[in-house]
Every structure is written in C-alpha cells, then in structure tokens.
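Structure record follows, encoded as structure tokens.
Protein chains: 2
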Amino acid sequence: MRVLGVDPGSAVTGFGIVEGAPGHFQFITAGTIRTRPGEPMPERLRTIHHGLLDVIGEFAPAAVSLERSFVARNIQSAFRIGEVRAVAMLAAAQRGLPLYEYPPNAVKLAVAAFGHADKAQVKFMVRRTLALPPDFELADDASDALALAVCHLGRARAPRISAAVERPARAVAARGARIRKP
Amino acid sequence: MRVLGVDPGSAVTGFGIVEGAPGHFQFITAGTIRTRPGEPMPERLRTIHHGLLDVIGEFAPAAVSLERSFVARNIQSAFRIGEVRAVAMLAAAQRGLPLYEYPPNAVKLAVAAFGHADKAQVKFMVRRTLALPPDFELADDASDALALAVCHLGRARAPRISAAVERPARAVAARGARIRKP
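So the sequence lines, in the order shown, correspond to chains L and B.
Sequential numbering from 19 applies to the first sequence in this note's numbering.
Sequential numbering from 19 applies to the second sequence in this note's numbering.
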C-alpha cells in the first residue's frame with residue numbers, strides 16, 4: 019500500500035510517500051510545499067491544498083497519515099495548526115482517501131523506536147529505513163512526513179482516525195528499501 | 019456590494035448574504051450547512067467546503083466576512099475552530115473573494131450597537147435591520163452569519179484581514195431594507 023504522510027505547517031508543509039508493508043518500505047517521493055512570508059492565510063491555505071491535491075494526483079496514494087497534535091503554544095497557535103490540518107483533511111476527503119492520525123510520540127516510536135527522539139534522530143532513522151543515499155537532501159518537514167507514512171505502514175492493523183491516537187505504534191525494523199524517485 | 023457572512027461550526031455552519039451600503043441593507047439569503055453527528059472531521063469539512071462553494075456559486079458575493087475568535091474553551095476546541103474556519107478561508111481564496119475577519123464584539127457592536135449583546139438581541143436586530151417578517155424562521159447560526167455580513171457592510175472603509183480585528187466597528191442604523199428571497 020502507498021501512503022502519503024503530511025506534516026502540516028502554515029509556512030512549510032512537508033509531504034512524503036512510502037509504499038510497502040511492515041518491514042519492507044519503498045521510498046516514492048518527498049518534498050515541501052512552501053508559502054510566501056506575509057501572505058494572507060486564505061492564500062496560504064489555497065497553496066497548500068492545491069499542492070497536496072497535485073501530489074495525490076501524481077502519486078496516487080491509497081491513504082493519508084497526518085500528525086495529530088494535542089498541544090500548542092497557545093490558543094492562537096492552535097487555531098493556526100487547525101487551519102493547516104484542515105486543508106490536508108479536506109484534500110484526503112475530496113479524493114476519497116482514508117485519513118489516519120498519529121500523535122508525534124507514536125510516529126517517533128514507530129520510526130526511531132524511541133518516543134522522545136529528536137528531529138535529527140528521526141531523520142537519521144527515516145534515511146536508514148528508506149535507504150536514502152547520504153547525498154540525498156531531505157528537509158526536516160519532508161522527513162517528518164515520511165516518518166508519518168512509515169508509522170502508518172508499520173502498524174499491522176491500523177486503527178482509523180481518532181482510534182489511531184489511542185494506541186501506541188510498534189517499532190519498525192525496515193530492510194531492503196530502495197529508492198525509486200530522488 | 020454583496021457580502022457573504024459565515025459563522026463556522028463543525029456541526030452547524032451558518033451563512034447569510036446581504037447586499038447594500040452603510041445604512042441600506044437588502045437581505046438576499048441565509049441558511050445553515052449541517053453535518054451528521056459522529057461523521058469524521060474530513061467528511062464534515064468536505065460538506066462545509068462544498069456547501070460554501072455552492073452558496074458562492076449561486077449568489078455571487080463580492081466578499082466574505084468571517085468571525086475571528088480569540089478565545090476557545092481549550093486547545094482541542096481551538097484546533098476544531100481553526101479547522102472549520104480554514105475551509106471558509108479556502109473557499110473564499112479559491113473563488114478570488116477578499117476575506118474580512120471580525121471579532122464577535124465588533125459584530126455585536128455593528129448590529130446591536132452593544133458589544134456584549136446576547137444571541138437573542140443580535141437576532142432581534144438582524145431581523146429589524148433586514149426587515150425580516152415575524153414568521154420568517156432564522157436559525158441562530160444563520161442570524162450570526164447575517165450579522166457578520168451587516169458588520170462588514172456597515173464599515174465605511176473596511177480594513178482587510180487581520181487589520182480588521184484591530185478597529186472597533188461603528189454602530190449601524192439601517193432603514194428601508196426589503197426582502198428579496200425568503
């Protein structure tokens with residue numbers, strides 16, 4: 019199964035697509051959708067929504083894996099996070115793709131086998147899991163998005179939507195992944 | 019100018035369209051977009067987004083007036099509010115409509131000339147301002163949406179987006195509004 023991971027952000031939204039089953043992952047693509055600083059939020063949301071529909075159209079994932087935060091710096095920050103998450107949820111619904119949500123700790127646990135891994139550790143493990151060559155540049159947000167896709171694929175029986183956030187993800191040991199698209 | 023007011027909610031989203039200039043308002047349409055209880059959020063967002071695009075397509079407003087909250091019960095509630103607001107912002111951007119945001123107090127001040135008016139007072143003044151007949155049923159969320167449209171029209175020079183929330187709205191005295199569509 020091919021899964022699109024999305025790490026939503028109003029400035030930078032990461033996306034990453036991985037195909038596979040538990041223990042065997044294949045990197046398909048990854049990248050970021052960037053909005054212009056100072057651009058009004060409606061325009062940013064349009065850019066992100068449009069970008070995600072493009073990625074879905076080109077790579078035809080079968081499911082979307084989205085980070086689910088339970089914390090935010092403050093109420094205003096939570097509004098912003100909700101706004102960007104919404105366009106990812108909408109894009110999934112518009113293309114008939116099931117959406118799965120995972121809290122950051124479950125993603126880290128699935129990729130790095132350590133719920134409190136930092137960004138560098140997650141990126142290291144994403145690179146190793148997907149066998150990305152050392153010279154392959156991977157933005158932080160794209161790495162997080164790939165981790166979300168791996169997190170979903172790493173589950174034997176993935177619970178849908180809100181149920182997903184209740185269960186801990188199991189650690190993933192990946193072998194033999196190869197690169198199809200740089 | 020014709021303005022679409024939107025009162026976003028994950029269960030019920032109110033919309034209302036008013037045409038006019040300060041002091042002269044004409045009711046065009048109002049209603050609610052309802053989602054099914056227990057429906058997953060991506061589906062709800064799709065329903066709301068689709069409904070708003072339908073309203074924009076049918077009534078061709080020139081601008082969108084959206085409530086901007088600064089408070090929420092908690093972080094989870096703020097995420098939800100942001101999610102629903104996002105699809106309204108996205109619909110406006112996709113149809114090239116400028117979006118204006120007003121805090122609840124500015125809307126109440128514009129319609130009821132009283133920043134802390136309750137829902138019943140706002141509805142009473144919306145009915146009077148738009149000369150709605152007594153037997154015309156108006157849902158709370160549709161009333162709030164009409165108030166948002168009136169709030170935008172009531173401003174002589176409306177500041178865009180975030181600037182809008184900084185200035186107090188002036189009170190509106192409406193006369194001679196007539197109903198075009200029930």
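Yeah, the Cβ is synthetic: ideal placement off N, Cα and C, and Gly gets one too.
- Residue contact check for L:PRO122 against chain B: no CB pair falls below 9 Å.
- For B:LEU117, the uninterrupted beta strand (DSSP E) run begins and ends at 117-120, by DSSP.
- Apart from the 5 residues on each side of it in sequence, L:CYS169 sits with its Cβ closer than 7 Å to the Cβ of SER83, TYR120, ALA124, VAL125, ALA128, VAL129 and ALA187 in its chain, given in chain order.
- Residue burial is scored here from C-beta neighbours: L:VAL21 has at least 16 other C-beta atoms within 10 angstroms and is therefore classed as buried.
- The C-alpha of B:ALA39 lies about 28 Å from the C-alpha of B:VAL30.
- Residue state for L:ARG20 is assigned as strand, using DSSP reduced to three classes.
- L:PRO60 belongs to the set of residues whose beta carbon lies under 9 Å from a beta carbon in chain B.
- Taking B:GLY32 as the centre and dropping the five residues before and after it, the same chain places the C-beta of ASP25, THR50, ASP159, ALA160, ASP162 and ALA163 closer than 6 Å to its C-beta, in chain order.
- Among the bridge pairs identified by DSSP, L:GLN44 is matched with L:GLU37.
- A residue is called buried once 16 or more other Cβ atoms fall within 10 Å of its Cβ, and B:MET19, having fewer, is exposed.
- The C-alpha of L:VAL144 is placed about 11 Å away from the C-alpha of L:VAL36.
- The beta-carbon separation of L:GLY34 and L:ALA48, rounded to 4 Å, stays under the 8 Å limit for a contact.
- In the structure shown, B:ALA138 adopts helical secondary structure according to DSSP, grouped into three states.
- About 12 Å separates the beta carbon of L:GLU101 from that of B:ALA111, a gap too long to meet the 8 Å contact definition.
- The C-alpha of B:GLN94 is placed about 7 Å away from the C-alpha of L:PHE88.
- Taking the beta carbon of B:VAL30 as reference, no residue of chain L falls within 8 Å; the closest one sits roughly 17 Å away.
- Judged by DSSP in its simplified three-state form, B:SER28 adopts coil rather than helix or strand.
- For L:ALA80, same chain residues with a beta-carbon under 6 Å away, outside a window of 5 residues either side, are MET19 and ARG20 in chain order.
- For B:ALA104, at least one C-beta of chain L is nearer than 9 Å to its own C-beta.
- Beyond the five residues adjoining it in sequence on each side, L:LEU63 comes within less than 6 Å, by CB distance, of VAL105 in the same chain, given in chain order.
- In this structure, the CA atom of L:THR65 is about 12 Å from the CA atom of L:ALA109.
- Annotated three-state conformation of L:ARG146 is helix, per DSSP.
- Nearest CB-CB separation between L:HIS67 and chain B: below the 9 Å threshold.
- Checking the DSSP bridge columns, you'll see B:SER83 partnered with B:GLY23 and B:TYR118.
- Taking 8 Å as the upper bound on Cβ-Cβ separation, chain L lies near no residue of the stretch 143-157 of chain B.
- About 6 Å separates the beta carbon of L:MET59 from that of B:MET107, a gap short enough to meet the 8 Å contact definition.
- By the rule that beta-carbons nearer than 9 Å mark a contact, L:GLY23 does not touch chain B.
- As computed with DSSP, B:THR50 is found in a beta bridge with B:GLY32.
- In the DSSP assignment, B:ARG103 falls within the alpha helix (DSSP H) that extends over 93-112.
- Under the three-state reduction of DSSP output, B:ALA90 falls in the coil class, being neither helix nor strand.
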